[in-house]
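Chemist:
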Amino acid sequence: MIDPKHIGKQLPSFSVVAEAGQLRFFAKSIGETDPVYLDEQAARDAGHPGLPLPPTFLFSLAFQMPNQAWRDELGIVPSRILHGEESFTYQRMAYAGDTLHYDVRITDIYDKKGGALSFVVRESKVSNQRGEPVATLRTTLVHRNG
0 MIDPKHIGKQ LPSFSVVAEA GQLRFFAKSI GETDPVYLDE QAARDAGHPG LPLPPTFLFS
60 LAFQMPNQAW RDELGIVPSR ILHGEESFTY QRMAYAGDTL HYDVRITDIY DKKGGALSFV
120 VRESKVSNQR GEPVATLRTT LVHRNG
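Residue numbers for the sequence shown follow numbering that gives the first Met the number 0, beginning at 0 and rising by one.
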């Protein structure tokens, strides 16, 4: 079981650049056909300054967190992790070329199935290079104990 004493723990913050090539690849891989996400001219014609991030792309950027030592501190074994849930609250659009800063903390830890499963909830506040809030992600990881 994962100790709830870690609730409130601040995880290492990090920044990542949203690259146009990654955005296009992601959009194609999820079956996105709206040219706004694939073609810079179409994005500009629609009133965007560049390619906008597809709505769930922020989740994939979160995997670029360089320091994963927090998992060891909590006793999380990567091969025992399942993705439980993801939710997004958006404040503004982000675009290709933006540098996105992730400020991450653990907001909840609880067990189910008599302790066989531990749930770790992370909240990531994402802001752009101007310090403007972009989105808040809530990620629930399920850890199979035992």
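Glycine residues also receive a C-beta, built at the ideal position from the N, C-alpha and C atoms.
#1: Please report the distance separating the alpha-carbon of residue 65 from that of residue 141.
#2: Check residue 91 in the structure and name its three-state DSSP category.
#3: Can you find at least 3 beta carbon pairs, one from the stretch 24-35 and one from the stretch 121-139, that sit closer than 8 Å?
#4: Indicate the three-state DSSP secondary structure (helix, strand or coil) for residue 73 in the structure shown.
#5: Mind checking residue 28: buried by the 16 CB within 10 Å criterion, or exposed?
#6: In or out: residue 81 buried (at least 16 other Cβ within 10 Å) or exposed?
#7: Whose C-alpha, out of 93, 20, 30, is nearest the C-alpha of residue 129?
#8: Looking at the structure shown, is residue 20 part of a helix, part of a strand, or coil, going by DSSP?
#9: Using the three-state DSSP reduction, which class does residue 128 fall into: helix, strand or coil?
#10: Less than 9 Å separating the beta-carbons of residue 98 and residue 135?
#11: Can you give the beta carbon distance from residue 25 to residue 56, rounded, assuming they're within the 8 Å contact cut?
#12: Starting from residue 99, follow the beta strand (DSSP E) in both directions and report where the run begins and ends.
Modeler: In this structure, then:
#1: 21 Å
#2: coil
#3: no
#4: helix
#5: exposed
#6: exposed
#7: 93
#8: helix
#9: coil
#10: no
#11: 5 Å
#12: 98-111
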